[in-house]
Amino acid sequence: MTMTMTKNLTRRALARSAITAAALLSLGNAPALAQQGPGVTDKEIKLGTWIPLTGPFAAYGVPYRAGLDAYINMVNDKGGIKGRKITLVVEDNAYNPQRTVAAARKLISRDEVLAIAMPFGNVSASAFDYVLSEAKVPMVNPWGSSLDWYT
14 MTMTMTKNLT RRALARSAIT AAALLSLGNA PALAQQGPGV TDKEIKLGTW
64 IPLTGPFAAY GVPYRAGLDA YINMVNDKGG IKGRKITLVV EDNAYNPQRT
114 VAAARKLISR DEVLAIAMPF GNVSASAFDY VLSEAKVPMV NPWGSSLDWY
164 T
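Start counting at 1 in the sequence shown, then tack on 13, and there's your number in our numbering.
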């Protein structure tokens with residue numbers, strides 16, 4: 014892969030992260046956030062995601078995370094969403110199906126996130142989809158190519 018292609022992919026990843034985070038801001042008006050439940054308190058909205066920070070796609074995952082972190086920090090610096098700070102719990106899935114399913118389970122059961130936000134890749138979409146569906150945890154703006162996500 015050429016350096017130009019890598020720069021363009023990184024820019025696209027960062028732009029996508031910013032657009033997604035803006036979409037998440039629209040959740041601030043959602044009635045569900047007025048209530049408290051898993052991932053929501055008076056002071057915090059906890060979101061989870063998985064990103065390949067190691068493994069074959071780490072070259073894309075690391076800057077992708079940096080983009081997410083930068084945007085969430087900016088939102089939090091401006092007061093968060095309805096006064097609630099966003100916390101993003103990140104799991105390294107190494108772009109591995111088994112690690113992705115384990116990450117989904119951990120984010121739901123141990124970390125008790127409100128939603129899975131901007132997960133990277135569709136390495137095992139069918140495997141983690143049932144985990145999210147069973148727990149009734151939404152997935153917001155995944156980054157990947159699984160047709161199931163878009164139909």
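All residues carry an ideal CB built from backbone N, CA and C; glycine is no exception.
Is it true that the CB of residue j sits closer than 7 Å to the CB of residue i?
| i | j | result |
| --- | --- | --- |
| LEU127 | GLY74 | no |
| ASN106 | TRP63 | yes |
| ILE58 | ILE94 | yes |
| GLY61 | ASP124 | yes |
Measure the beta-carbon distance from residue i to residue j and round it to whole angstroms, keeping in mind my assumption that it falls under 8 Å.
| i | j | result |
| --- | --- | --- |
| ARG118 | VAL144 | 6 Å |
| VAL103 | ARG78 | 6 Å |
| MET131 | LEU66 | Going by Cβ atoms, the distance from MET131 to LEU66 rounds to 14 Å, so no, they are not a contact pair. |
| ILE85 | LEU101 | 5 Å |
Bridge partners for residue i per DSSP, in chain order?
| i | result |
| --- | --- |
| LYS59 | THR100 |
| ALA128 | LEU60 |
| GLY166 | A query on residue 166 cannot be resolved here, the shown segment of the chain reaching from 14 to 164 and no further. |
| MET152 | ILE129 |
| ASP105 | ILE64 |
| THR94 | In the sequence as presented, Thr is not what sits at residue 94; that position holds Ile. ARG97, per the DSSP bridge assignment. |
Excluding the 5 residues preceding and the 5 following residue i in the sequence, name in chain order all residues of the same chain whose CB lies nearer than 7 Å to its CB.
| i | result |
| --- | --- |
| LYS56 | ARG97 and LYS98 |
| LEU38 | Unreliable placement is indicated for LEU38, whose pLDDT of 49 sits below 50; the coordinate value is still reported in the next sentence. These residues qualify, in order along the chain: VAL88 and ILE94. |
| PRO69 | TYR108 |
Give me, in chain order, the residues of the same chain whose beta-carbon lies closer than 6 Å to that of residue i; leave out the 5 immediate sequence neighbours on both sides.
| i | result |
| --- | --- |
| ALA45 | Residue placement at ALA45 is poorly supported in this model, since its pLDDT is 49, which falls under 50; the coordinates are not used for a value here. |
| ALA116 | TRP63, GLU104 and ASN106 |
| ARG112 | ASN106 |
| MET152 | ILE129 and LEU145 |
| ALA140 | PRO110 and VAL114 |
| ASN42 | Confidence at ASN42 is low in this model, with a pLDDT of 48, below 50, so its placement is unreliable and no value can be given for it. |
| ALA71 | PRO65 |
By Cβ distance, which residues of its chain are closer than 8 Å to residue i, with the 5 residues on each side in sequence left out?
| i | result |
| --- | --- |
| GLY50 | LEU127 |
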